[in-house]
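Have a look at the structure below, then the notes.
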Amino acid sequence: MKWKKYMAVFCLITGLAIMTVQSSPAIVYANELEDSIKQKQEEISKAQEERKKMQSGLSDVKKMVAELEQSKESLEEYVVQLDSNLAEIESKITELQGLISEKEQEIEETKKELEEAEQKAEEQYESMKTRIRMVYEKGETGYMELLLTSSSFGDFLNRAEYVERVAAYDREMLNEYEQNVEYVKTCQEALEEEEATLKEAKAGVEKEQQSLETLIGQKEQEITAYQGDISNKEQAIKEYEADIAAQDSTIAALEKAVKEEQARLAAMNAEEAAKNKVTYDGGMFTFPCPGYTRVSSEYGNRMHPTLGVQKFHNGVDLAAPSGTPILAAYDGKVAAAAYNSSMGNYVMIDHGDGLFTIYMHASKLYVSSGQTVTAGQQIAAVGSTGRSTGPHLHFSVRLNGSYVSPWNYLK
Ligand SMILES: [Zn+2]
């Protein structure tokens with residue numbers, strides 16, 4: 000019996016998952032933009048990591064420079080100390096030189112004194128010799144004559160004493176002068192000894208001066224070396240700072256680009272959302288399977304053919320041969336065009352304002368997700384895919400998340 004065959008053609012669908020809108024070209028571009036933003040954000044993280052390393056390198060070099068500056072400063076203080084020591088030594092040398100000059104002056108004067116003393120001693124010796132010669136030349140007679148021509152004995156005694164005294168005086172004077180020569184000579188020797196001591200002291204201090212000057216020279220060289228090192232480090236600091244500045248501008252540029260891309264993405268999303276928004280104007284549907292109006296299974300509660308219990312059928316089953324065109328019931332956007340083990344090949348169309356139509360068990364699908372369709376446009380062909388026992392179109396209508404009777408929308 001023919002009706003039995005059609006009775007068997009029923010749909011076992013009891014529920015339907017709500018599909019999400021799949022990719023359209025604008026969405027693909029949005030995905031690219033999202034990837035680009037993500038990539039740039041990763042670049043920013045890396046750049047910031049690098050900047051951190053540079054900053055730490057910079058800190059290290061700055062610390063080194065501070066240490067070098069300190070070493071240099073203490074060395075400079077040391078050189079200042081050495082310079083003051085040197086100044087002391089130089090004043091000591093000057094002082095010693097003054098003393099030496101004084102000594103030389105004294106020696107010079109003593110030499111003159113010695114000459115004079117020697118002169119005097121010589122003169123005394125000469126006059127003494129003259130007097131002795133005179134006595135000798137005139138003989139004892141002369142001497143006697145001097146005595147004998149005395150006017151009186153008293154005069155004689157006086158004259159004899161005088162002669163004696165002259166001789167003694169001569170000897171005494173000669174002694175005295177000779178002693179004086181000796182004394183001056185001794186003085187000169189002492190002065191010369193003192194001068195030698197002073198010169199020795201001066202030589203010692205000069206040696207000290209020389210070694211001090213050598214030390215200062217070395218320290219100044221060390222300071223120069225420190226300064227060179229500091230200059231190099233300061234150059235390194237400049238380079239670090241330039242690198243950091245460059246890094247900062249790289250980061251800033253990336254951040255600016257990310258901001259721009261995010262703004263573009265937001266604008267695009269807004270535009271896409273506006274574009275995707277479909278509205279339902281309340282019109283009646285086009286029959287989805289023209290020429291095949293016979294309902295093999297009605298919408299609503301029905302008795303299960305074998306289990307003998309009431310079951311809800313969420314759409315109408317329209318019996319039609321395989322390959323019969325399935326048309327979009329109304330204008331809208333394809334929300335899903337896919338395969339599911341119970342629905343088989345199916346299409347779900349979003350008509351806006353919470354209204355969707357669903358077409359199941361198709362043998363072929365002619366539309367894809369995101370595509371805009373108009374009422375009466377062929378979207379699929381009748382088949383028996385999924386949980387179905389024969390070729391038919393299961394047609395459902397959902398409003399705000401619940402199934403409603405398709406007859407509300409069909410003429
Ligand atoms: Zn069905």
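Using numbering that gives the first Met the number 0, the first residue of the sequence shown is number 0, and each one after it goes up by one. Cβ atoms here follow ideal geometry from the backbone N, Cα and C, with glycine treated the same way.
Closest to residue i by CA distance: which of the options is it?
i, options, result
"Glu115", "Glu66, Tyr182, Ile92", "Tyr182"
"Glu297", "Phe311, Gly385, Tyr291, Gly290", "Phe311"
"Gly247", "Glu188, Tyr291, Gly153, Lys45", "The residue you asked about is not Gly; residue 247 is Asp in the sequence shown. For the residues Glu188, Tyr291, Gly153, Lys45, the minimum Cα distance to Asp247 belongs to Lys45."
"Thr384", "Gly153, Leu354, Gly227, Asn339", "Asn339"
"Tyr358", "Gly369, Phe286, Gly351", "Phe286"
"Asp82", "Val162, Ala29, Gln208", "Gln208"
"Glu194", "Glu105, Gln54, Lys91", "Glu105"
"Thr292", "Lys274, Arg301, Asp228, Val315", "Val315"
"Arg170", "Thr371, Thr373, Leu74, Glu125", "Glu125"
"Lys52", "Arg386, Tyr239, Glu66", "Tyr239"
"Gly382", "Ala318, Gly375, Ser395, Glu177", "Ala318"
"Gly322", "Cys288, Arg301, Gly353", "Cys288"
"Ala202", "Leu113, Ala224, Glu259, Leu95", "Leu95"
"Gly417", "Ser73, Leu197, Val277, Glu33", "Missing from the structure shown is residue 417; the chain here goes from 0 to 410 and no further."
"Pro390", "Tyr365, Phe155, Tyr329, Pro320", "Pro320"
"Lys232", "Glu48, Val165, Asn407, Met63", "Met63"
"Gln54", "His393, Ile215, Ala235", "Ala235"
"Tyr279", "Asp228, Glu101, Gln118, Leu398", "Leu398"
"Ile222", "Gly56, Gln47, Tyr77", "Tyr77"
"Leu364", "Val346, Asp352, His350", "Val346"
"Ser401", "Leu354, Lys119, Tyr408, Phe394", "Leu354"
"Pro324", "Glu144, Ala361, Gln309, Ile229", "Ala361"
"Leu57", "Asp242, Thr356, Gln80, Val308", "Asp242"
"Glu66", "Gly290, Gly343, Gln226", "Gln226"
"Ile99", "Val366, Glu191, Gln118, Glu75", "Glu191"
"Glu87", "Val204, Asp349, Glu177", "Val204"
Under 7 Å: does the beta carbon of residue i sit that close to some heavy atom of ligand 1?
i, result
"Asp34", "no"
"His350", "no"
"Gly314", "yes"
"Ser368", "no"
"His393", "yes"
"Ser296", "yes"
Flag residue i as yes if its beta-carbon sits less than 8 Å from any beta-carbon of chain D, otherwise no.
i, result
"Met359", "Absent from the structure: chain D. Only one protein chain is present."
Looking at the unbroken beta strand (DSSP E) that takes in residue i, where does it start and where does it end?
i, result
"Thr356", "354 to 361"
"Leu392", "391 to 398"
"Ser149", "From DSSP, Ser149 is part of no beta strand (DSSP E); its letter is neither H nor E."
"Met347", "343 to 351"
"Gly331", "331 to 339"
"Gln377", "377 to 380"
"Val403", "401 to 403"
Beta strand (DSSP E) runs contained entirely in the stretch 265 to 329, provided each spans 3 or more residues:
294 to 296, 299 to 302, 309 to 312, 314 to 318, 324 to 326
In the stretch 236 to 270, which residue ranges form an unbroken beta strand (DSSP E) of at least 3 residues, counting only runs that do not cross its ends?
none
Counting Cβ pairs, one atom from each stretch, are 3 or more of them under 8 Å apart for the stretch 89 to 98 and the stretch 227 to 246?
no
Assess, as a yes-or-no matter, whether the stretch 359 to 376 is touched by the stretch 254 to 272 under the definition of 3 or more beta carbon pairs within less than 8 Å.
no
Complete beta strand (DSSP E) runs within the stretch 182 to 228 (minimum length 3 residues, chain order):
none
Three or more C-beta pairs under 8 Å: does that hold for the stretch 252 to 269 against the stretch 62 to 71?
no
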